[in-house]
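Sequences listed follow chains S and R, in order. If you use numbering that gives the first Met the number 0, the first sequence corresponds to residues 0 to 246, in order. If you use numbering that gives the first Met the number 0, the second sequence corresponds to residues 0 to 246, in order. By construction, the Cβ of each residue, glycine as well, lies at the ideal position given by its N, Cα and C atoms. Remember, it's a predicted structure, so these values are computed and weren't measured experimentally.
There are 2 protein chains.
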Amino acid sequence: MQHIVSNPAPPPPGATVGAAASLDFPRPLVTVDVAIFSVLQDALQVLLVRRPDTREEPFAGRWALPGGFVDVARDASLLDCALRKLQDKTGVAAPYLEQLGSWGDAQRDPRGWCATHAYFALLPVTGPAAAQDGWWAVEDACRQPLAFDHATILAAALERLRSKVEYTSLPAFLLGETFTLPALQRVYELVLGRPLDKSAFRRRMLDAGYLDEAGRAGGTAGRAAMHYRLRDRSRATVFPRGFRSGE
Amino acid sequence: MQHIVSNPAPPPPGATVGAAASLDFPRPLVTVDVAIFSVLQDALQVLLVRRPDTREEPFAGRWALPGGFVDVARDASLLDCALRKLQDKTGVAAPYLEQLGSWGDAQRDPRGWCATHAYFALLPVTGPAAAQDGWWAVEDACRQPLAFDHATILAAALERLRSKVEYTSLPAFLLGETFTLPALQRVYELVLGRPLDKSAFRRRMLDAGYLDEAGRAGGTAGRAAMHYRLRDRSRATVFPRGFRSGE
DNA sequence: TAAATAGTGTCTTTCAGACAATATCTC
DNA sequence: GAGATATTGTCTGAAAGACACTATTTA
Numbered sequence: 000m001q002h003i004v005s006n007p008a009p010p011p012p013g014a015t016v017g018a019a020a021s022l023d024f025p026r027p028l029v030t031v032d033v034a035i036f037s038v039l040q041d042a043l044q045v046l047l048v049r050r051p052d053t054r055e056e057p058f059a060g061r062w063a064l065p066g067g068f069v070d071v072a073r074d075a076s077l078l079d080c081a082l083r084k085l086q087d088k089t090g091v092a093a094p095y096l097e098q099l100g101s102w103g104d105a106q107r108d109p110r111g112w113c114a115t116h117a118y119f120a121l122l123p124v125t126g127p128a129a130a131q132d133g134w135w136a137v138e139d140a141c142r143q144p145l146a147f148d149h150a151t152i153l154a155a156a157l158e159r160l161r162s163k164v165e166y167t168s169l170p171a172f173l174l175g176e177t178f179t180l181p182a183l184q185r186v187y188e189l190v191l192g193r194p195l196d197k198s199a200f201r202r203r204m205l206d207a208g209y210l211d212e213a214g215r216a217g218g219t220a221g222r223a224a225m226h227y228r229l230r231d232r233s234r235a236t237v238f239p240r241g242f243r244s245g246e
Numbered sequence: 000m001q002h003i004v005s006n007p008a009p010p011p012p013g014a015t016v017g018a019a020a021s022l023d024f025p026r027p028l029v030t031v032d033v034a035i036f037s038v039l040q041d042a043l044q045v046l047l048v049r050r051p052d053t054r055e056e057p058f059a060g061r062w063a064l065p066g067g068f069v070d071v072a073r074d075a076s077l078l079d080c081a082l083r084k085l086q087d088k089t090g091v092a093a094p095y096l097e098q099l100g101s102w103g104d105a106q107r108d109p110r111g112w113c114a115t116h117a118y119f120a121l122l123p124v125t126g127p128a129a130a131q132d133g134w135w136a137v138e139d140a141c142r143q144p145l146a147f148d149h150a151t152i153l154a155a156a157l158e159r160l161r162s163k164v165e166y167t168s169l170p171a172f173l174l175g176e177t178f179t180l181p182a183l184q185r186v187y188e189l190v191l192g193r194p195l196d197k198s199a200f201r202r203r204m205l206d207a208g209y210l211d212e213a214g215r216a217g218g219t220a221g222r223a224a225m226h227y228r229l230r231d232r233s234r235a236t237v238f239p240r241g242f243r244s245g246e
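Quick look at the structure:
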C-alpha cells in the first residue's frame, strides 16, 4: 500500500521546473488568520478588520479576522506570516502567539480549496492604539456575521483561551510590562466570566513562582500594591491544577 | 454560521479567469501527515512508512510518518485527507483522530515551500495487522532519523498524547471495543511510563461515568474482570483533575 | 487449598475555597 | 482618622494517594 502521489493536472502557478514533474497538480490556497485579543475598557476584546469592499473580493465589506495569503517570497514560515500580519495591524512585534489550528476544505473560500492556519495572540493595548477602531468586545464580535468561517475560528480561539486560563498564566500577557495581582485577578475574572477568591488567587500565582517583584507603586486610593513582572515572557506557566477542581 | 457556498471554478492554475488576477501567485505545497499510535506487545507503538526509493524523491528510503499531498479533487477537507491516509495504511475507518498542528516553512521540503497538517490517531490493532511491519516502539522511532521534520512532529505528538493522558480518557481508544479496568490501567501506565495506584485509578474511571458495563469474562488465571465499553466513542472524556496533582 | 488476579474500604495528606483579620495607602 | 484597597491567616471540605483487606476465579 505504497501511496504514490502523482496527479496529472494543469500546471500550478509557481510550479517549479526540471525533475519536479510529480509536483504538477493543483495546489490549495494557503492563508494565515490571527485572533488578536486584548483587554480594553475592562472587557476582553478582539481585533477585527473589514474585508475590502471591491466587487471581486469574497465577503466584501464584512468583518473578518486579520489575515491573508502566505507569501512564499516574504514569509519564511507560517509563524513568520502570522507575526507579519500582527505587526501590520498592531505594530506589536513579539506578543504571546500560539497556533490554534487549521481549517481547510473546498468550500470555505469561494476562490477555491483553501487551508487557513489560525493563530491567537494576546497583547496589552496602550495609548492611541486603543482608540483604533476594529476592537470588539468578544460577545459582540461573536454575534457579528463574519467572513469565511471566521466565526468558527473565533469561537475556537475563545474556547481555547478560556480553557487555558483555568490552568495557565496566559492572562498575564494581556497586561503590560508590570502589573499588580489585583489587576491580574481582574483579567482572569474577565476572561472566565466569574469572580475568584482573592486569597486563593494570590497563593496560586505566588506559589507558581513565575513572577518577579517589580517595586511598589501608589497612585490610586488605598494601599499601594506590589508590582510584578513575568520572569519569562517567552512562555506561559502551567499550574498544577485548574481553578475550582470539580464542579 | 451562514456560509455562502459557491465555487465558481476550479483553482485556475496559472490562468487568469475573470477577476481572479489576484490569485496569480505561487502557492505552497500542502500535505497531511498522521502519527498513528497503538499498543502492541505491551508497548506504545507508532506506524512508520518508508519513503519511496526512487532517485527524485526527497528523503528516499527513509522512514516517515504516513502522509502526502492534499488532493483537491479527492479530499473535501484536511480531515478527510487524514482519514484517507489512515484508511490506506491501516484499513481503519473511524479511529480517534485529533489535529495536532501545522508545520510550514520554506525549508522543510526540498521541493519547495510546504505546509503540513499533522494529525494523530489512536486505534486498537488486532490480528494480521499487528504483524504488518512499520510498527515501531515509540522510543525506537524517536531515535530513528526520519524524513522531513517528522522527528519534530512525532515528538510533538508524543508530548501531546502523554500530556492528555494525564487528564483524559484517551488510552481507551487504544483498546478494542470492550476492555477491563486492569487492561486500561496497563495502557495508562505504558503511555505515562509510571505505575498508578489501582484503587485511585478505578475510582477515577468509574466516577467519570464514561464507561458502560459489558459483562464479565473469564479466560485467564484469577478472578474474572468486568468488561466495559465506551459510552461515547466520538469524543474523549476530560477528568476534573490530572493524576498526581503537583509533583 | 494455594496462587493469581479483581475489586473494596479507609486512613492520611494535600490543597483550594471561604472568609475573617490585619496592613498600608490617600485624603 | 476614615475610607479604600492590599495582604495575610486560619478553618474546612473534597479528593487523590497509600495500602491493607476481601472476593472470585483456575489449577
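query, result
"Per-residue contacts from residue 60 of chain S into chain R (C-beta, under 9 angstroms)", "Ordered by position in chain R, no residue passes the 9 angstroms Cβ test against residue 60 of chain S, which lies about 13 angstroms from the chain."
"Residue 249 of chain S and residue 172 of chain S closer than 8 angstroms at C-beta", "Missing from the structure shown is residue 249 of chain S; chain S here goes from 0 to 246 and no further."
"Chain R within 8 angstroms of residue 77 of chain S, Cβ atoms only", "yes"
"Option nearest residue 96 of chain S by Cα separation, candidates S:31, S:63, S:24", "S:31"
"Short Cβ contact (8 angstroms threshold) for residue 56 of chain R with residue 49 of chain R", "no"
"Beta-carbon spacing of residue 66 of chain R, residue 84 of chain R below 8 angstroms", "yes"
"Near-chain S residues of the segment 89-108 of chain R (beta-carbon distance less than 7 angstroms), N- to C-terminal order", "98, 100, 101, 103, 104, 105"
"Exposed unless 16 or more other CB atoms sit within 10 angstroms - verdict on residue 205 of chain S", "exposed"
"Top-ranked residue by Cα proximity to residue 227 of chain S, from S:164, S:183, S:27", "S:183"
"Rounded straight-line distance, which links the Cα of residue 147 of chain R to that of residue 74 of chain R", "23 angstroms"
"Contacting positions in the segment 212-242 of chain S - beta carbon closer than 8 angstroms to chain R", "239, 240, 241"
"Close-in-space but distant-in-sequence residues of the same chain around residue 123 of chain S (CB under 7 angstroms, 5 per side omitted)", "37, 173, 174, 175"
"Cβ neighbours of residue 242 of chain S in the same chain (closer than 7 angstroms, five flanking residues each side left out)", "165, 195"
"Completely contained beta strand (DSSP E) runs for the segment 161-208 of chain S, where each covers 3 or more residues", "177-179"
"Collapsed DSSP secondary structure at residue 221 of chain S in the structure displayed", "coil"
"Anticipated Cβ contact below 8 angstroms, residue 43 of chain R with residue 134 of chain R, distance rounded", "Going by Cβ atoms, the distance from residue 43 of chain R to residue 134 of chain R rounds to 10 angstroms, so no, they are not a contact pair."
"Residue 155 of chain R to residue 218 of chain S span [Cα, whole Å]", "46 angstroms"
"Distance, residue 113 of chain R Cα to residue 107 of chain R Cα", "7 angstroms"
"Residue 216 of chain R beta carbon less than 8 angstroms from that of residue 223 of chain R", "yes"
"Contact set between the segment 113-126 of chain R and chain S, restricted to residues whose Cβ is under 8 angstroms from the partner", "114, 116"
"Residues bridged to residue 68 of chain S (per DSSP)", "S:30"
"Cβ neighbour criterion (16 or more within 10 Å) applied to residue 27 of chain S", "buried"
"Residue 236 of chain S (DSSP reduced to helix, strand or coil)", "coil"
"Contact with chain S by residue 160 of chain R, beta-carbon distance below 8 angstroms", "no"
"Same chain, Cβ closer than 6 angstroms to residue 58 of chain R, five either side skipped, listed in chain order", "50, 146"
"Under the three-state DSSP convention, the category residue 124 of chain S falls into", "coil"
"Nonlocal neighbours in the same chain, by C-beta distance under 8 angstroms from residue 202 of chain R, ignoring five residues either side", "none"
"Buried or exposed by the 16-neighbour rule on C-beta atoms within 10 Å, applied to residue 167 of chain S", "buried"
"Reduced DSSP category for residue 97 of chain S - H, G, I as helix; E, B as strand; rest coil", "strand"
"Backbone CA spacing between residue 231 of chain R and residue 170 of chain R [nearest angstrom]", "14 angstroms"
"CB contact below 8 angstroms: residue 71 of chain R versus chain S", "yes"
"Which residues DSSP lists as bridging residue 41 of chain R, in chain order", "Bridge partners of residue 41 of chain R: none, in fact."
"Residues within the segment 138-164 of chain S neighbouring chain R, beta-carbon criterion of under 7 angstroms", "144, 148, 150, 151"
"Secondary structure of residue 117 of chain R, DSSP reduced to three states", "strand"
"Residues, ordered as in the chain, of the segment 24-37 of chain S that lie near chain R by beta-carbon distance below 8 angstroms", "24, 25, 26, 27, 28, 29"
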